[in-house]
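In this note's numbering, the protein residues as written are 3 to 178. One structure is given below, encoded as structure tokens.
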């Protein structure tokens, strides 16, 4: 009778173990499907991605052709990465006047210094007359706080020959 009881207990134990493992496999499969097909929470790492692809770009066809999917060289994808902003306060700034109006750089030096920025150099920009003000910065993330001081100013990373960390080329829109 002990052998029969032991055999019965062993069979019940194995069946229970199989049921528990089966449930664990089903739960794990559901979890994976949720993660793969986008139902899971996504972590926000501070960057965004915009991708524009049309059905013509990837060659989707329902007309019974042999190719199910083909990619087109003209597929356009844009990625915008947000960069941590760096305050322009305490960094050396050069202001250049691109207009024909005298004293624009000096006027902006006074305004920006009063706002807490450090304009250490002013001068004229002889290359061209700009409509919109251009802010050139030595590293990504700088200059955004300065852009708010101007109408439609653009900020770009570039090299500055004068040695300043930030160069502002004032356009005609901000000359008044």
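Think of the CB as a built atom: it goes at the ideal place given N, C-alpha and C, for glycine as much as any other residue.
Asked	Found
Closest by C-alpha distance to residue 162, when choosing among 94, 147, 11	94
Under 8 angstroms between C-beta atoms of residue 97 and residue 170	yes
8 angstroms Cβ cutoff met for residue 129 and residue 172	no
Simplified DSSP state of residue 129, which is helix, strand or coil	coil
Alpha-carbon to alpha-carbon, residue 110 and residue 103	13 angstroms
Collapsed DSSP secondary structure at residue 134 in the structure displayed	coil
Residue environment, residue 133, which counts as buried when at least 16 other CB atoms sit within 10 Å	exposed
Chain-order list of residues whose beta-carbon lies under 8 angstroms from that of residue 158 (same chain, five-residue window excluded)	136, 137, 138, 139
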